[in-house]
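Colleague:
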Amino acid sequence: ATFRGCYEDQVFLAKITASSFVAKSDALSGSVDYDPATGALGAGTISVAADSFKTGLSMRDNHMRDNYLEAKDHPTITFKLEPAAASSKAGGSNKVTGTFTIKKKEKKVTIVAKVESSAPDKIVISAKFPLTITDYGIPQPSFAIVKMETTIQVDLKLILKKATP
184 ATFRGCYEDQ
194 VFLAKITASS
204 FVAKSDALSG
214 SVDYDPATGA
224 LGAGTISVAA
234 DSFKTGLSMR
244 DNHMRDNYLE
254 AKDHPTITFK
264 LEPAAASSKA
274 GGSNKVTGTF
284 TIKKKEKKVT
294 IVAKVESSAP
304 DKIVISAKFP
314 LTITDYGIPQ
324 PSFAIVKMET
334 TIQVDLKLIL
344 KKATP
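In the working numbering, the protein residues as written are 184 to 348.
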């Protein structure tokens, strides 16, 4: 069966000198091939629009979009999932491996995904993991004496709904 993803929350926490900020996107999409009967997780792709993150400060949003993510030239951030065995049992967790692509730079990562809830037509998954922006050609953001740490904490929640044939 194919499960299609829709967003619930896609946020990241960035630490800056003496503070931190949260960026959130609601532009998450994709699909995952998963057979709950056999536990076979097939290939899948999850994407987020690079220009969709909002932090509550328009100047910071503009700098992130234009200067760091270069969203006009690299409009999508993707995670391509590798096939694996996975459980959809609520409360369980699975290690999933895939490749993040940001600004045409790729890095293979392993993420622990927790199954929040599971039904025959819908699976809710959450994951929290660190992501080092310099691995993807993004320079360390700074403004005057304020610098952002190069590792951000990503907090992802996906709702996967069974696709109709």
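Every residue gets a Cβ at the ideal spot worked out from N, C-alpha and C, and that includes glycine.
Are the Cβ atoms of Ala-296 and Gly-222 separated by less than 8 Å?
Modeller: Not a contact, by the Cβ cut-off of 8 Å.
Colleague: Taking just the CA atoms, how far does Asp-338 sit from Ala-197?
Modeller: Roughly 11 Å between the two C-alpha positions.
Colleague: Kindly indicate the opening and closing residues of the alpha helix (DSSP H) around Ser-241.
Modeller: Element bounds for Ser-241: 241-246.
Colleague: Taking Ala-220 as the reference, which of Asp-304, Gly-281 and Gly-239 has the closest Cα?
Modeller: Looking at the Cα atoms, Asp-304 is the closest of the given residues.
Colleague: Using CA coordinates, which residue listed in Ile-342, Thr-334, Thr-293 and Lys-263 is at the minimum distance from Thr-228?
Modeller: Checked all of Ile-342, Thr-334, Thr-293 and Lys-263; the closest Cα to Thr-228 is Lys-263.
Colleague: What is the DSSP secondary structure of Thr-228, reduced to helix, strand or coil?
Modeller: Of the three classes helix, strand and coil, the one that applies to Thr-228 here is strand, per DSSP.
Colleague: Does the beta-carbon of Met-331 have 16 or more other beta-carbons within 10 angstroms, so that it is buried, or is it exposed?
Modeller: The residue is buried, with at least 16 neighbouring Cβ atoms inside 10 Å.
Colleague: Our contact map puts Pro-322 next to Gln-336 with C-beta atoms below 8 Å; I'd like the distance itself, whole angstroms only.
Modeller: Their Cβ separation, rounded to whole angstroms, is 19 Å, which puts Pro-322 and Gln-336 out of contact at 8 Å.
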